[in-house]
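Participant:
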Amino acid sequence: MRRTSQSSITMEDQMKLLEEALNVVRVQAHHMKKCLDNNKLMDGLKHCSTMLAELRTSALTPKHYYELYMAIFDALRHLTTYLNDAHNSGKHHLADLYELVQYAGNIIPRLYLMITVGSVYMSQKDAPVKEIMKDMMEMSRGVQHPTRGLFLRHYLSGMTRDSLPVGNDDGPQGNLQDSISFILTNFIEMNKLWVRLQHQGHSRDREKREMERKELRILVGTNLVRLSQLEGVDLQLYQKTILPGILEQVINCKDVIAQEYLMEVIIQVFHDDFHLRTLGPYLSATALLHPKVNVKQIVIALIDRLAAYAAREADSEPPEVIKRQKEEAAKRLYEKLKKQNIGGYNEEEDNESNSNGKFVLEEEEDEEVEEEKEKLKEDTGFEFGNFEREELNGETGFEFGNINDDNNQTSEPQPDETKQQGNNKSNEPPVKRFRGIPEDVKLFEVFWGQIVDLVKVRKDCI
1 MRRTSQSSIT
11 MEDQMKLLEE
21 ALNVVRVQAH
31 HMKKCLDNNK
41 LMDGLKHCST
51 MLAELRTSAL
61 TPKHYYELYM
71 AIFDALRHLT
81 TYLNDAHNSG
91 KHHLADLYEL
101 VQYAGNIIPR
111 LYLMITVGSV
121 YMSQKDAPVK
131 EIMKDMMEMS
141 RGVQHPTRGL
151 FLRHYLSGMT
161 RDSLPVGNDD
171 GPQGNLQDSI
181 SFILTNFIEM
191 NKLWVRLQHQ
201 GHSRDREKRE
211 MERKELRILV
221 GTNLVRLSQL
231 EGVDLQLYQK
241 TILPGILEQV
251 INCKDVIAQE
261 YLMEVIIQVF
271 HDDFHLRTLG
281 PYLSATALLH
291 PKVNVKQIVI
301 ALIDRLAAYA
311 AREADSEPPE
321 VIKRQKEEAA
331 KRLYEKLKKQ
341 NIGGYNEEED
351 NESNSNGKFV
361 LEEEEDEEVE
371 EEKEKLKEDT
381 GFEFGNFERE
391 ELNGETGFEF
401 GNINDDNNQT
411 SEPQPDETKQ
421 QGNNKSNEPP
431 VKRFRGIPED
441 VKLFEVFWGQ
451 IVDLVKVRKD
461 CI
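Counting in the UniProt record's numbering, the sequence shown tops out at residue 462, every number present.
(1) Tell me the rounded alpha-carbon separation between E335 and E260.
(2) Quick one: what does DSSP say L60 is sitting in, helix, strand or coil?
(3) What do you get for V27, buried or exposed, if any count of 16 or more other CB atoms within 10 angstroms of its CB means buried?
(4) In whole angstroms, what is the alpha-carbon distance linking residue 470 and A285?
(5) Does DSSP put P291 in a helix, a strand or coil?
(6) Please report the residue range of the alpha helix (DSSP H) in which L262 lies.
(7) Please list the terminal residues of the continuous alpha helix (DSSP H) segment that includes residue 474.
(8) Among Q249, E207 and M211, which has the Cα closest to the Cα of L224?
(9) Following the continuous alpha helix (DSSP H) through V250, name the residue where it begins and the one where it ends.
(10) Could you give the residue range of the alpha helix (DSSP H) that holds N186?
(11) Could you check what DSSP says for N223 in three-state terms: helix, strand or coil?
(12) By DSSP, does P146 sit in helix, in strand, or in coil?
(13) According to the neighbour-count rule (16 or more other Cβ atoms, all chains shown, within 10 Å of its Cβ), is Y103 buried or exposed?
(14) Between the C-alpha atoms of Q198 and R213, what's the straight-line distance to the nearest angstrom?
(15) For a test of the three-state rule: what should DSSP assign to N39, helix, strand or coil?
(16) Less than 8 Å between C-beta atoms, sequence neighbours within five positions excluded: which residues of the same chain meet that for D169?
(17) When you compare each of I188, L193 and Q177 to V143 by their alpha carbons, which one comes out closest?
(18) Compute the distance between the beta-carbons of L227 and I180, then report whether it is under 9 Å.
(19) Spell out a yes or no on whether the segment 107-115 and the segment 150-158 are touching, meaning 3 or more CB-CB pairs, one atom from each, closer than 8 Å.
(20) Using a Cβ-Cβ cutoff of less than 7 Å, which residues in the same chain neighbour M190 once the five nearest sequence positions on both sides are dropped?
(21) Would DSSP call D135 helix, strand or coil?
(22) For the alpha helix (DSSP H) that P109 lies in, which residues bound it at each end?
(23) Grab the span of the alpha helix (DSSP H) containing E54 for me, first residue to last.
(24) Quick check on this structure: which residue in T278, V195 and S203 has the alpha carbon closest to the alpha carbon of Q236?
(25) In terms of residue numbering, what span does the alpha helix (DSSP H) encompassing D272 cover?
(26) Identify, in the order they occur along the chain, each residue of the same chain with its Cβ nearer than 8 Å to the Cβ of S203, setting aside the five sequence neighbours on each side.
(27) Helix or strand or just coil, what does DSSP make of E335?
(28) Closest by CA to N106, which one among L283, E54, T80 and N23?
(29) Could you spell out the range, first to last residue, of the alpha helix (DSSP H) harbouring residue 492?
(30) Suppose the cutoff is 7 Å on Cβ atoms and the five residues either side in sequence are ignored; what does the same chain contact list for E231 look like?
(31) When the Cα of D135 is compared with those of K125, V117, P146 and D126, which residue comes out closest?
(32) Have a look at T185 and K125 and give me their C-alpha separation to the nearest angstrom.
(33) Got a sec? Which residues, its chain only, sit under 8 Å from C253 by beta carbon, not counting five neighbours each side?
(34) Note down the Cα distance separating T50 from E264, rounded to an integer number of angstroms.
(35) Give a yes or no on whether the C-beta atoms belonging to Y238 and F182 are separated by under 9 Å.
Take a look at the structure:
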């Protein structure tokens with residue numbers, strides 16, 4: 001296919017180019033399958049390389065490029081099956097084939113072949129998974145064109161997802177930390193390519209590029225889905241490694257479309273308990289987003305998610321449990337009000353100090369506010385009173401590194417969420433829950449403090 005610039009051809013010409021490319025794919029895929037069926041691997045790889053060369057085009061819109069990509073992806077399934085069978089039967093060793101395909105002439109066919117062979121190799125017993133993952137990730141940096149790079153890395157993510165290590169072994173097979181690092185790195189690189197797509201072409205095509213970017217957003221968001229599906233990911237890993245890594249990239253990209261989309265993806269794909277325990281860093285990150293980001297929409301989405309979770313948990317509980325919880329909650333509220341003496345109403349002093357029917361609340365309310373702020377600071381590790389933008393130098397007065405270890409309000413992970421940490425916590429009683437919300441999660445205090453200070457920084461979200 002001719003590598004014509006996308007902006008220099010009409011939609012009709014693009015359709016013609018797409019059809020030409022699909023015809024080449026069909027012909028080369030047929031020859032590849034025929035060669036593989038006759039055990040002519042070298043000839044089959046040559047036809048496969050010719051087929052993959054069609055992905056070098058810059059002429060197609062992302063939507064049409066996706067059609068071409070899917071046609072080639074379907075054809076590569078046959079090669080994947082053949083490679084697995086050939087390795088297990090002893091005809092070819094995947095380590096040798098992994099080295100062989102790196103001699104392909106063009107970088108796009110070379111990397112697709114590397115990922116195809118490498119992903120099959122990763123699924124084999126005793127394969128050096130960690131080394132293969134690192135090699136494929138480094139080699140993928142060679143494609144910096146936004147569209148071509150996004151689809152290449154999407155292929156890398158999809159082909160390796162079932163072979164990522166999830167154990168704790170420090171050997172060549174890799175471990176869960178290696179898998180998290182692999183997916184996070186791929187996410188960061190894909191997001192950079194996705195954002196860069198906004199700045200290509202003429203300024204008059206801005207709306208068109210924004211529409212194309214929204215069509216491609218699922219490619220980036222899929223990485224977060226992969227992270228949420230990793231076996232063995234517990235609260236501590238999410239709290240210390242995954243969420244800080246995601247939020248750092250989201251904030252640093254400074255792109256409105258990316259920030260709005262990715263902040264909502266975080267809400268949708270990760271477990272409700274994770275959100276409950278990391279409200280502090282998540283809500284604080286919203287104050288660091290681009291000024292044009294719709295922060296209100298993000299906060300509402302988070303509240304809706306937690307409300308739906310609480311409703312589901314409440315519906316699943318027996319009526320007698322719900323009744324007992326309500327009675328206990330009412331009793332706690334009564335005791336708290338009684339202790340605080342809310343209203344200050346006293347029958348003996350009714351005619352003296354409160355003859356006009358008004359309650360003396362001002363001093364108590366001020367004390368309550370200060371107590372809540374101190375409690376919020378202790379629970380979350382954040383002191384938002386100092387969190388203000390300095391307009392002169394563009395600094396925010398906030399260091400992102402604090403997000404990594406700020407969330408002291410998360411207390412200890414739940415035993416059912418952190419099985420691998422269980423030895424030293426097995427004697428701890430499980431945390432009580434009210435409608436699915438752990439009692440040690442100060443939900444109101446966190447939201448109250450964070451949102452009040454968010455409004456101070458982002459007055460537009462009122």
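Don't be surprised by glycine CBs; every beta carbon is placed ideally from N, CA and C.
Facilitator: So, from the data block:
(1) In the sequence shown, residue 335 corresponds to position 335, counting from 1. In the sequence shown, residue 260 corresponds to position 260, counting from 1. The alpha-carbon atoms of E335 and E260 are separated by roughly 42 Å.
(2) Taking the sequence shown and counting its residues from 1, one reaches residue 60 at position 60. Coil, per DSSP.
(3) Your numbering for residue 27 matches position 27 in the sequence shown. Exposed, because fewer than 16 other Cβ atoms sit within 10 Å of the Cβ of V27.
(4) Not covered by the structure: residue 470. The range shown for the chain is 1 to 462.
(5) Here residue 291 refers to the residue found at position 291 of the sequence shown. Three-state result, P291: coil.
(6) As a working note, residue 262 is residue 262 in the sequence shown. V256 to V269 is the span of the alpha helix (DSSP H), which, as asked, contains L262.
(7) In the structure as shown, the chain begins at 1 and stops at 462. Residue 474 is therefore absent and cannot be evaluated.
(8) As a working mapping, residue 224 is identified with position 224 in the sequence shown. Comparing Cα positions, the closest option is Q249.
(9) The sequence position of residue 250 within the sequence shown is 250, counting from 1. Counting along the chain, the alpha helix (DSSP H) containing V250 begins and ends at L243 to C253.
(10) Here the question's residue 186 lines up with position 186 in the sequence shown. Under the DSSP assignment, N186 falls in the alpha helix (DSSP H) whose first and last residues are L176 to R196.
(11) Start at 1 with the first residue of the sequence shown, and residue 223 comes out as number 223. In the structure shown, N223 sits in a helix (DSSP, three-state: H, G or I).
(12) As a working mapping, residue 146 is identified with position 146 in the sequence shown. Note: P146 maps to helix in three-state DSSP.
(13) One-based indexing of the sequence shown puts residue 103 at position 103. Classification for Y103: exposed.
(14) Counting from one through the sequence shown, the residue named residue 198 turns up at place 198. Counting from one through the sequence shown, the residue named residue 213 turns up at place 213. Whole-angstrom Cα-Cα distance: 7 Å.
(15) Along the sequence shown, read from residue 1 onward, the residue named residue 39 stands at position 39. The DSSP-derived three-state label of N39 is coil.
(16) Mapped onto the sequence shown, residue 169 falls at position 169. Counting only Cβ-Cβ distances below 8 Å, and skipping sequence neighbours, we find N175.
(17) By one-based count along the sequence shown, residue 143 stands at place 143. When each option's Cα is compared against that of V143, the closest is L193.
(18) Counted from its first residue, the sequence shown places residue 227 at position 227. Counted from its first residue, the sequence shown places residue 180 at position 180. Contact: yes.
(19) With the cut-off at 8 Å, the segment 107-115 and the segment 150-158 touch.
(20) Looking up residue 190 in the sequence shown gives position 190. Excluding residues within five positions, the ones whose Cβ falls inside 7 Å are L150, R153, L219, V220 and N223.
(21) In the sequence shown, counting from the first residue as 1, residue 135 sits at position 135. Of the three classes helix, strand and coil, the one that applies to D135 here is helix, per DSSP.
(22) Counting from one through the sequence shown, the residue named residue 109 turns up at place 109. I107 to M122 is the extent of the alpha helix (DSSP H) around P109.
(23) The residue given as residue 54 occupies position 54 in the sequence shown. Premise fails: E54 is in no alpha helix (DSSP H) and is neither H nor E.
(24) On the sequence shown, residue 236 is found 236 positions in, with the first residue counted as 1. That would be T278, whose Cα lies nearest to the Cα of Q236.
(25) The residue given as residue 272 occupies position 272 in the sequence shown. First-last of the alpha helix (DSSP H) with D272: D272 to R277.
(26) What you label residue 203 is simply residue 203 of the sequence shown in a count that begins at 1. Within the same chain, no Cβ atom closer than 8 Å to the Cβ of S203 is found once the five residues on either side in sequence are excluded.
(27) By 1-based counting over the sequence shown, the position of residue 335 is 335. Reduced to three states, the DSSP call for E335 is helix.
(28) Mapped onto the sequence shown, residue 106 falls at position 106. Among L283, E54, T80 and N23, the Cα nearest to that of N106 belongs to E54.
(29) There is simply no residue 492 to check, as the chain begins at 1 and stops at 462 in what is shown.
(30) Along the sequence shown, read from residue 1 onward, the residue named residue 231 stands at position 231. Excluding sequence neighbours, E231 sits near V166.
(31) By 1-based counting over the sequence shown, the position of residue 135 is 135. Ranking the options by Cα distance to D135, first place goes to V117.
(32) As a working note, residue 185 is residue 185 in the sequence shown. As a working note, residue 125 is residue 125 in the sequence shown. So the alpha carbons of these two residues sit roughly 25 Å apart.
(33) As a position in the sequence shown, residue 253 is number 253, starting the count at 1. Contacts found: N191, K192, V195 and Q259.
(34) Taking the first residue of the sequence shown as 1, we reach residue 50 at position 50. Taking the first residue of the sequence shown as 1, we reach residue 264 at position 264. Distance between the alpha carbons of T50 and E264 is about 40 Å.
(35) Here residue 238 is taken as the residue at index 238 of the sequence shown, counted from 1. Here residue 182 is taken as the residue at index 182 of the sequence shown, counted from 1. Not closer than 9 Å, so no.
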